[in-house]
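S.K.:
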Amino acid sequence: MKFTESERVQQEAEQYILGGVNSPSRSYKAVGGGAPVVMERGDGAYFYDADGNQYIDYLAAYGPIIAGHAHPHITEAINKAAETGILFGTPTKHEVTFAKMLQEAIPSLEKVRFVNSGTEAVMTTIRVARAYTKRDKIIKFAGCYHGHSDLVLVAAGSGPSQLGTPDSAGVPKSVAQEVITVPFNDIESFKEAVNHFSDQIAAVLVEPIVGNFGIVEPVSGFLEAVNDIAHANGSLVIYDEVITAFRFCYGGAQDMLGVKPDLTAFGKIIGGGLPIGAYGGRQDIMEQVAPLGKAYQAGTMAGNPLSMQAGIALLEVIKEEGTYDYLDRLGKQLEDGINALITEYEIPATINRLKGAMTIYFTTEKVTSYEQAENTDGELFARFFKLMLNQGINLAPSKYEAWFITIRHTEEDIKQTLLAVENSFKQLSLV
Ligand code: PMP
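For reference, each letter of the sequence shown is one residue, going 1 to 431 in the UniProt record's numbering.
1. Could you tell me the distance, in whole angstroms, from the CA atom of Ala-105 to the CA atom of Pro-305?
2. Of all the alpha helix (DSSP H) runs that stay within the bounds of the stretch 124-190, which reach a length of 4 or more residues?
3. Does Glu-207 pass the burial test, meaning 16 or more other C-beta atoms within 10 Å, or should it be called exposed?
4. Check whether the stretch 67-75 and the stretch 280-292 are in contact - that is, three or more C-beta pairs closer than 8 Å.
5. Thinking C-alpha only, which one of Gly-337, Asn-53, Thr-368, Ile-360 is nearest Ile-414?
6. Between Trp-403 and Val-367, what straight-line distance do the alpha-carbon atoms span, to the nearest angstrom?
7. Please report how far the alpha carbon of Val-171 lies from the alpha carbon of Arg-135, in whole angstroms.
8. Report yes or no: do the stretch 77-84 and the stretch 226-238 share at least 3 C-beta pairs separated by less than 8 Å?
9. Could you name the residues of the same chain whose beta carbon sits closer than 7 Å to that of Gln-416, not counting the 5 residues immediately before and after it, in chain order?
10. Per DSSP, what are the beta-bridge partners of Lys-111 in this structure?
11. Take Ile-187 and list the residues in its own chain whose beta-carbon comes closer than 8 Å to its own, dropping the five residues that flank it on each side.
12. Per DSSP, what kind of secondary structure is Ser-6 in: helix, strand or coil?
13. Can you give the Cα-Cα distance for Asp-150 and Glu-365, rounded to whole angstroms?
14. Is Asn-212 near the ligand PMP, in the sense that its beta carbon is under 7 Å from a heavy atom of that ligand?
15. Is Ser-117 near the ligand PMP, in the sense that its beta carbon is under 7 Å from a heavy atom of that ligand?
16. With DSSP collapsed to three states, give me the class of His-196.
17. Who does Phe-404 pair with in a DSSP beta bridge?
18. Put Tyr-58 into one of helix, strand or coil per three-state DSSP.
19. Are there any heavy atoms of the ligand NAD lying less than 7 Å away from the beta-carbon of Lys-399, as far as the coordinates show?
20. From Ser-161 to Ser-189, what does the alpha carbon distance come to, in whole angstroms?
21. Can you tell me which residues form a DSSP beta bridge with Tyr-345?
22. Please report how far the alpha carbon of Pro-261 lies from the alpha carbon of Asn-53, in whole angstroms.
23. When the Cα atoms are used, what is the spatial distance from Leu-341 to Phe-425?
24. Taking the beta strand (DSSP E) that Glu-321 belongs to, which residues open and close that run?
25. Just tell me which of Phe-266, Arg-130, Lys-268, Lys-355 has its CA closest to the CA of Ala-203.
26. Any heavy atom of the ligand PMP closer than 7 Å to the beta-carbon of Val-367?
27. Residues in the same chain with beta-carbon distance under 7 Å from Lys-319, minus the five sequence neighbours each way, listed in chain order, please.
28. Compare the Cα-Cα distances from Ile-238 to each of Val-259, Ala-45, Ala-298, Val-219 and report the closest residue.
29. Straight-line CA distance for Ser-158 to Lys-173?
30. For Glu-374, which three-state DSSP category applies?
31. Over what stretch of residues does the alpha helix (DSSP H) that includes Val-421 continue unbroken?
32. Which of helix, strand or coil does DSSP assign to Met-101?
33. Taking 8 Å as the threshold, find out whether the stretch 26-41 comes into contact with the stretch 275-287 through three or more Cβ pairs.
34. Give me whichever residues DSSP pairs with Thr-350 in a beta bridge.
35. Counting along the chain, where does the alpha helix (DSSP H) carrying Val-226 start and finish?
36. What is the DSSP secondary structure of Ile-106, reduced to helix, strand or coil?
Have a look at this one:
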């Protein structure tokens, strides 16, 4: 495959756009460098780059494109919205319709607010939790990404009773000191951190199923224990469902797993591919937010008609009977196929999968923690990534990301993907 035009565009991009990309995860730095493929057009499970190469897409734009590219129902909704005015700065009926749909799908959302990104949604839940509890500190889990606001850009790896250090330049130490990081799936460390900081802890921020060091499910009883311990301490539980909501079932991971947070943050999928975020939860907590309360959150673009109508259209599509069984079936076909190839070609790899989301880790150990995910073979992943790319299979360029199957993928696409995996494994196992 030739990438001449992608390389040319990337070179030009670097003259104007810092680093040539508008989000660092798009660069190929983590997979040994090179110009990222410049995409021109998407259609269902496929997209096409500037050189005319076709790919089966498992990136799904890092999650939102669960209905595939350019889904006709969503495209129609966006076109209709564009024709009738894209921004008013006033309330619209679409916000109400969409909020009601979310509330019906996820009953813990007694009240909801729309914002523009997952980052904003998480950042605001933290502010609201602090306002409600009149406490400042937050507990988060190591390796979990919650957007790029100051407070959540704090290094993993600090011991349970240590204060955080900033993970990014520009985050004040004083901010990072308000964050305590503990290992995911480790209830003892969590308990220790809560006991140590007790009445300073405003909230614990949890991804109920981790999506950012691969797909990692909570061990049995973990989320229930987090809830019990946090609540006994007078702290709130915030779920970051930016990846998980509507990913594994129609609703939140919270409904699938039968646990209920006090507040939840959303993004990605719920915008049908347009910029969006949302947060919501218990009525008495949400009442902290202006104009009713003193916690401030606002947005010129918040609840904009385009994102609302795209989100409504997306939910209409995935609400159809059979969506998640279909994703699960294709996911299983992919997982089983790759597992057979792992055995046949003696590749040191293991898979975590839930429904249509999956991660392949280059290690022989089952991955349940960030530490294990960190210790997987990044070089082997980088070679695998490039081999797959060259066969027209587009994955996220990072060993920590998931493969996302969309409702537009077919069994045939999975078969074709497995052929590419086999070819890649053959080349990897020769060395
Ligand atoms: N939370 C989680 C779990 C995420 O995966 C992400 C984005 N990858 C965010 C928050 C931030 O969302 P956004 O990129 O829309 O700001």
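Virtual Cβ for every residue (Gly too), placed ideally from N, Cα, C.
Small disclaimer: the values here were computed from a predicted structure and weren't measured.
M.R.: On the basis of the data shown:
1. Taking the sequence shown and counting its residues from 1, one reaches residue 105 at position 105. Taking the sequence shown and counting its residues from 1, one reaches residue 305 at position 305. Roughly 21 Å between the two C-alpha positions.
2. For the stretch 124-190, the full-length alpha helix (DSSP H) segments reaching 4 residues or more read 173-176 along the chain.
3. Numbered from its first residue, the sequence shown carries residue 207 at position 207. The residue is buried, with at least 16 neighbouring Cβ atoms inside 10 Å.
4. Too few Cβ pairs lie closer than 8 Å, so no.
5. In the sequence shown, counting from the first residue as 1, residue 414 sits at position 414. In terms of CA proximity to Ile-414, Gly-337 leads the group Gly-337, Asn-53, Thr-368, Ile-360.
6. If you number the sequence shown from 1, residue 403 lands on position 403. If you number the sequence shown from 1, residue 367 lands on position 367. The C-alpha of Val-367 is placed about 16 Å away from the C-alpha of Trp-403.
7. Here residue 171 corresponds to residue number 171 of the sequence shown, with the count starting at 1. Here residue 135 corresponds to residue number 135 of the sequence shown, with the count starting at 1. Rounded to the nearest angstrom, the two C-alpha atoms are 20 Å apart.
8. Output reads no: the stretch 226-238 does not touch the stretch 77-84.
9. Mapped onto the sequence shown, residue 416 falls at position 416. Sequence-distant Cβ neighbours of Gln-416 in its own chain, meaning closer than 7 Å and more than five residues away, are Ile-56.
10. As a first step, residue 111 is located in the sequence shown; it is residue number 111 there, counting from the start. BP columns for Lys-111 point to Gly-281.
11. Working through the sequence shown from its first residue, we reach residue 187 at position 187. Excluding five sequence positions before and after Ile-187, the CB atoms of its chain that fall closer than 8 Å to its own CB belong to Gly-221, Phe-222, Ala-225, Val-226, Ile-229, given in chain order.
12. Looking up residue 6 in the sequence shown gives position 6. Helix, per DSSP.
13. Stepping through the sequence shown from its first residue, residue 150 is reached at position 150. Stepping through the sequence shown from its first residue, residue 365 is reached at position 365. Distance between the alpha carbons of Asp-150 and Glu-365 is about 33 Å.
14. If you number the sequence shown from 1, residue 212 lands on position 212. Set against 7 Å, the gap from the CB of Asn-212 to the closest heavy atom of the ligand PMP is smaller.
15. For the purposes of this step, residue 117 is taken as residue 117 along the sequence shown, with counting starting at 1. Ser-117 Cβ: within cutoff of the ligand PMP.
16. Translated into the one-based positions of the sequence shown, residue 196 becomes position 196. His-196: helix per DSSP, three-state reduction.
17. Numbered from its first residue, the sequence shown carries residue 404 at position 404. DSSP lists Ala-357 as partners of Phe-404.
18. Your numbering for residue 58 matches position 58 in the sequence shown. Coil at Tyr-58, not helix or strand.
19. Annotation note on the ligand NAD: not contained in the displayed structure, which lists the ligand PMP as its ligands.
20. Stepping through the sequence shown from its first residue, residue 161 is reached at position 161. Stepping through the sequence shown from its first residue, residue 189 is reached at position 189. Interpretation of Ser-161 is limited by its pLDDT of 37, a score under 50 that renders its predicted location unreliable; the figure taken from the coordinates is listed afterwards. C-alpha of Ser-161 to C-alpha of Ser-189: approximately 8 Å in a straight line.
21. Here residue 345 refers to the residue found at position 345 of the sequence shown. None; Tyr-345 has no bridge partner.
22. Position 261 of the sequence shown, counted from the start, is the residue given in the question as residue 261. Position 53 of the sequence shown, counted from the start, is the residue given in the question as residue 53. Going from the Cα of Pro-261 to the Cα of Asn-53 covers about 44 Å.
23. Stepping through the sequence shown from its first residue, residue 341 is reached at position 341. Stepping through the sequence shown from its first residue, residue 425 is reached at position 425. Leu-341 and Phe-425: Cα-Cα distance of roughly 8 Å.
24. Here the question's residue 321 lines up with position 321 in the sequence shown. It is not in any beta strand (DSSP E) - Glu-321 carries neither H nor E in the DSSP assignment.
25. In the sequence shown, the residue the question calls residue 203 occupies position 203. Ala-203 has its Cα closest to that of Arg-130, out of Phe-266, Arg-130, Lys-268, Lys-355.
26. Taking the sequence shown and counting its residues from 1, the one referred to as residue 367 is at position 367. False, no ligand heavy atom lies under 7 Å from that Cβ.
27. Taking the sequence shown and counting its residues from 1, one reaches residue 319 at position 319. These residues qualify, in order along the chain: Tyr-250.
28. The residue labelled residue 238 in the question sits at position 238 within the sequence shown. Ile-238 has its Cα closest to that of Val-259, out of Val-259, Ala-45, Ala-298, Val-219.
29. As a first step, residue 158 is located in the sequence shown; it is residue number 158 there, counting from the start. As a first step, residue 173 is located in the sequence shown; it is residue number 173 there, counting from the start. Here Ser-158 scores only 31 on pLDDT, less than 50, and its place in the model is too uncertain to base an answer on.
30. For the purposes of this step, residue 374 is taken as the residue at position 374 of the sequence shown. It is helical.
31. The residue you call residue 421 lines up with position 421 of the sequence shown. Note, Val-421: alpha helix (DSSP H), 411-429.
32. Here residue 101 is taken as the residue at index 101 of the sequence shown, counted from 1. In the structure shown, the three-state DSSP call for Met-101 is helix.
33. Verdict: no, contact absent.
34. By one-based count along the sequence shown, residue 350 stands at place 350. The partner list for Thr-350 (beta bridge, DSSP) reads Tyr-361.
35. Numbered from 1 along the sequence shown, position 226 holds the residue referred to as residue 226. 222-232 is the extent of the alpha helix (DSSP H) around Val-226.
36. For the purposes of this step, residue 106 is taken as the residue at position 106 of the sequence shown. In this structure, DSSP gives Ile-106 a state outside helix and strand, which the three-state scheme calls coil.
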